[in-house]
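J.: Chains as they are written, first to last, in numbering that gives the first Met the number 0: chain A, 0 to 241; chain B, 0 to 336; chain C, 0 to 248. Structure incoming, see below.
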Amino acid sequence: MTSLQAIDIALDRRLQPTSIDVPSGQLVALVGPNGGGKTSLLRALARVELASGQVTVDGEDLDLAPEARRRRLLSFLPASREVTWPIAARDVIRLGLDRPDEDRIAELIALFELELLADRPVNHLSTGERARVLTARALASRPRILLLDEPLSNLDPYWVLRFFEIFETVAASGQSFLIALHDLAQLPRFDRALLIADGEVQMDEAPANLVVGECFGEIFRIREGADGDWEIRRPEGRRSSP
Amino acid sequence: MDMHGAFDALRNRAFERQTLRVLLALAMLLCIAAHLLLPIAPLREAHEIDPELANLLLVQLRLPRTLLVIGYGAALGVSGAALQATFANPLASPDISGASSGAALGAVIGGYWLGISQPLALAACGAAGALGTLGLLVGLAGRKADTATLLLAGLAISLAAGAATSLALSLAPSPFAFYDAFDWLMGSFTDRSLSQAAAALVPASFATALLLRRARALDLIGLGEDVAASLGLRPRRLSLEVIALSAVAVGACVSVAGAIGFVGLVAPLFARRISGGHPGKAMIPAAMIGAVLLTLADLAVRAVPLDRPIPVGVITALFGTPLFIWMVVTMRRRLTA
Amino acid sequence: MSVSALLLGVSGALRVASLNLCTDEYLLLLARPSEIASVSRLSHDPAESPLWRAARRYPANRGSLEGVITARPTLILTMGGGGRSSAAIARRMSVRTIDLPFPASIDDVERNMVRVASALGNVSRAAEWRKELVRMRAHRGAGQDAIFLTDNGFSVSSEGTGAEWMALAGFDQRPLPGGRATLETLTLHPPKILLRSNYRQNQHSIGQAWLAHPLARKARSKAIWTDGRPWTCMGPLMLSEIARLRDKR
């Protein structure tokens, strides 16, 4: 069942008209060079002000959905972890809900191990701690689609793995994720990977197929070496494979 | 911490905030009573001559002044909180952004140069002036400006508008205009009439009420404009609305009582203690804190028995400047930490 | 004798320049048109002087010596402010100056009138004015409690020239703290007579807005309007204004 349907979404000149379908429960990775359009794709899906096109979630057009309905359909976590105001972590998470639900908040605090931080102002937390709070906020309303821009940066290794556990558990209940990534090491854990460069989706494959694609090598200028590690791909022109 | 403990902590903090709110409301009532009745001697004297006279003094002289002080203080608090939420910056405020100075310029040009005397029309001139300077600020610094840019642009515009106001007054037809500069640039509530108070407070209440309705939206803007957009809000339209409504609220008040600084900066700062840091929810407490601060300042002005009255803005600057410096220092510390 | 003195003094005719609104009054009242070289620009302003029509026949100066020198005056009238340096410069150019003191009483005004008239060559030019003054002093009636009111509640001192003029009209200026009437005073202890100045009435200022306050407008006193212009100088022009006010009682 297709959860997310995006038709001809575009953003300024940073994202060319793009169409995507994402079935429910899928973990989709967005990779690509800096400035290539990963963030723009997420922002366009999140319907920021200059975005054009149409996005439907579970049959509902996002642009027509009232505010109360929106947060059940979609949630966006931007890459910036900056928070201006000294709001308690617990209250930040509460902002993700439109109806007070103390049980849900307690559940998320436990899930992200925020018990000791719950009442501290979020702008006094470390970047990694803020990442946990803001991700909890994004998950709070149990949205059908989660758009996360580099959620794993600033996290220590324990939390990178914990986050994946959480994502996989949530996806199992039918919610889908589109996650922009910088670190390709986590790519294998995803169901699907999109390579975005120059404002367009260049490749849409299973992760394993993505990294061996010629396109991938050209864009990233790296390739997987014989021992499984990445190495720089020198532009030597066509030569026969070893 | 288990669920039980979590709920206890929650209740304690909520209780603390509720207490603060009640104390604030009480402080407001006390201030209103004090401001209306003190000094009590003239009212007593009037009552002895003729009770009707005491009523007359109370209604025609004391009441407009108290209404203006409460309303102006509340308008400054609410628009200060709203502007800080919109610019995502705790230093944005009607005075720093240049709105107050722009309003004074608008009112002066309207009153002294265009010959507008009808109080509501003058209020519109003030609002137009405030809108102009706020628009200039957004044009110069952008809405997502960093603190330094915002401060510099806002202060530059404030200073320019203040200078222009003085110039407009010194070149005005009436030779007395020049001596009015103090009242326009530093505020005064002396001897204002009920119709002047109405001209200021009717538009200001309207605009303030519309701002208060946007509290939730402003709280969500605090998560970032993109997150707000994903939740169905329109950040740019919200910014424009906040700017326009703040301009009306502040502009109408300035057209009657002059530009008063620091209240719009400081009230939201304290209000966010009550609202738990939320910028939008801070608007109502900021209204009350602003009202209390301005009432105390005007009480101080009336308590000093001098021939020449001290402008209210001097008192607000006295308590506001140290606070402002402290804010800048803590911000710098946080940025360089 | 210096060249300038030759140039200025050669014609022998009397030409008087007045550098100040208040000295203008004496000049315009006492001098013949051919004797007036220049008056201050304030006298040209209808909002400042009742004699503006007459004043506009003469060139205006901005109150400084350089401004009038081209009009080749033989006598310059000043009052206070800048008198000293103007007088020194004028003396070097062999131009006579008279510095009139700001009147502290009606007697001072009379003395100024006499001085200017004799400088013009004929003391009797002031005679008519002085006779009128004597007549008014003789027939002054009992005084009524009054307050002179202008913008922002400002009034006149109960001991000064203004109060003396008011007394001639039968008004006793009440002593006010700081020389200012508050809205409380007007409401609680309204004077019998409120002498309201119409000076620059249609020009907006915060002080004018004060006069529009309900407690100032509906004051429970008899309001009598007076032309505010002569009150600036409280000089000879007050005589006719006071005579007019007398009839209003």
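Ideal placement from N, C-alpha and C gives every residue a C-beta, glycine not left out.
Taking the straight line between their C-alpha atoms, what separation do you get for residue 0/C and residue 73/C?
T.: Since pLDDT at residue 0/C reaches only 44, below the 50 mark, its modelled position is unreliable, and no value is offered.
J.: Helix, strand or coil for residue 249/C per DSSP?
T.: Only positions 0 to 248 of chain C appear in this structure, which leaves residue 249/C out of reach.
J.: Apply the 10 Å Cβ neighbour rule to residue 128/C and answer buried if 16 or more other Cβ atoms are within range, or exposed otherwise.
T.: With 16 or more other Cβ atoms within 10 Å, it is buried.
J.: In whole angstroms, what separates the C-alpha of residue 156/A from that of residue 136/B?
T.: Approximately 44 Å, taken between the alpha carbons.
J.: Starting from the Cα of residue 175/B, find the closest Cα among 205/C, 147/C, 113/C and give me that residue.
T.: Taking only the C-alpha atoms, the option nearest residue 175/B is 205/C.
J.: Residues bridged to residue 231/C by DSSP?
T.: DSSP, once it has assigned bridges, lists no residue as partnering residue 231/C.
J.: Which residues in chain B have a C-beta closer than 8 Å to the C-beta of residue 43/C? List them in chain order.
T.: The contacting residues do not exist; residue 43/C stays about 15 Å from chain B at best.
J.: Starting from residue 55/A, follow its DSSP beta bridges and name the residues at the other end.
T.: For residue 55/A, which the question treats as bridged, DSSP gives the partners 4/A, 60/A.
J.: According to DSSP, residue 158/A sits in a beta bridge with which residue or residues?
T.: According to DSSP, which records beta bridges pairwise, residue 158/A is partnered with nothing at all.
J.: What are the uninterrupted segments assigned as beta strand (DSSP E) that are 3 or more residues long and contained completely in the region 157-209 of chain C, given in chain order?
T.: Counting only runs of 3 or more, we get 170-172, 192-196.
J.: For residue 19/C, does the count of other Cβ atoms within 10 angstroms reach 16, so buried, or fall short, so exposed?
T.: Buried, by the Cβ-count rule.
J.: Helix, strand or coil for residue 95/C, going by three-state DSSP, please let me know.
T.: In the structure shown, residue 95/C sits in a strand (DSSP, three-state: E or B).
J.: Could you give the uninterrupted runs of the alpha helix (DSSP H) lying entirely in the region 137-219 of chain B, keeping only those of 4 residues or more?
T.: Segments of the alpha helix (DSSP H) lying fully in the region 137-219 of chain B: 146-169, 180-185, 193-211.
J.: On the three-state DSSP scale, how would you describe residue 323/B?
T.: Reduced to three states, the DSSP call for residue 323/B is helix.
J.: Using a beta-carbon distance cut-off of less than 8 Å, what residues from the region 217-236 of chain B approach chain A?
T.: Hits within the stretch, in order: 218, 219, 221, 222, 223, 224, 225, 226, 228, 229, 230, 231, 232, 233, 234, 235.
J.: By DSSP's criteria, residue 37/C is part of a beta bridge. Which residues make up the other side?
T.: DSSP, once it has assigned bridges, lists 16/C as partnering residue 37/C.
J.: Is it right to say residue 31/C is buried, meaning 16 or more other beta carbons lie within 10 angstroms of its own, or is it exposed?
T.: Result: exposed.
J.: Can you tell me the Cα-Cα spacing of residue 8/C and residue 94/C, whole angstroms?
T.: Caution is warranted here: a pLDDT of 46 is assigned to residue 8/C, below 50, making its placement in the model unreliable, and no coordinate value can be reported.
J.: Alpha carbon to alpha carbon, how far is residue 221/B from residue 226/A? Give it in angstroms, no decimals.
T.: Going from the Cα of residue 226/A to the Cα of residue 221/B covers about 47 Å.
J.: Under 9 Å between C-beta atoms, does residue 0/B make it to chain A?
T.: The predicted model places residue 0/B with a pLDDT of 46, which falls under 50 and marks its position as unreliable; any figure quoted below should be read in that light. Answer yes: the Cβ-Cβ gap between residue 0/B and chain A drops below 9 Å somewhere.
J.: Give me the DSSP bridge partner(s) of residue 225/C.
T.: Paired residue(s): 196/C.
J.: On the premise that residue 178/A lies in contact with residue 147/A, defined as a C-beta separation below 8 Å, what is that separation, rounded to the nearest angstrom?
T.: That pair is a contact at about 5 Å.
J.: Going by alpha carbons, who is nearest to residue 157/C out of 168/C, 148/C, 173/C?
T.: Checked all of 168/C, 148/C, 173/C; the closest Cα to residue 157/C is 173/C.
J.: What are the residues of the region 77-110 of chain B that lie near chain A, defined by any Cβ-Cβ distance shorter than 8 Å?
T.: The region 77-110 of chain B vs chain A, Cβ under 8 Å: 87, 88, 89.
J.: Spatial neighbours of residue 219/C within its chain, please: CB distance less than 7 Å, with the 5 preceding and 5 following residues excluded, ordered by chain position.
T.: So the list reads 189, once near-sequence residues are dropped.
J.: So which of 303/B, 274/B, 43/B, 331/B has the shortest CA-CA distance to residue 18/B?
T.: Of the listed residues, the one whose Cα sits closest to residue 18/B is 274/B.
J.: Would you please verify whether the beta carbon of residue 209/C is less than 9 Å from any beta carbon of chain B?
T.: True, the Cβ-Cβ gap to chain B drops below 9 Å.
J.: Counting only beta-carbon atoms, is residue 284/B nearer than 9 Å to chain A?
T.: Not an interface residue.
J.: Is it buried or exposed, residue 214/A, if we count other Cβ atoms within 10 angstroms and call 16 or more buried?
T.: So residue 214/A counts as exposed.
J.: Can you name the start and end residues of the beta strand (DSSP E) that residue 93/A belongs to?
T.: Here residue 93/A belongs to no beta strand (DSSP E); instead the alpha helix (DSSP H) covers 88-94.
J.: Under three-state DSSP, which class holds residue 311/B?
T.: Residue 311/B falls in the helix class under three-state DSSP.
J.: On the three-pair Cβ rule with 8 Å, is the region 179-198 of chain C touching the region 138-150 of chain C?
T.: Segments in contact, yes.
J.: Answer with yes or no whether the minimum CB distance from residue 183/C to chain B is below 9 Å.
T.: True, the Cβ-Cβ gap to chain B drops below 9 Å.
J.: Can you tell me the Cα-Cα spacing of residue 165/A and residue 262/B, whole angstroms?
T.: Distance between the alpha carbons of residue 165/A and residue 262/B: 46 Å.
J.: Just verifying my parser: in three-state terms, what is the DSSP assignment at residue 117/B?
T.: In this structure, residue 117/B counts as coil in the three-state DSSP scheme.
J.: Taking any Cβ of chain B, which residues in the region 56-67 of chain A have a Cβ under 8 Å from it, in chain order?
T.: Within the region 56-67 of chain A, the qualifying residues are 64, 65, 66.
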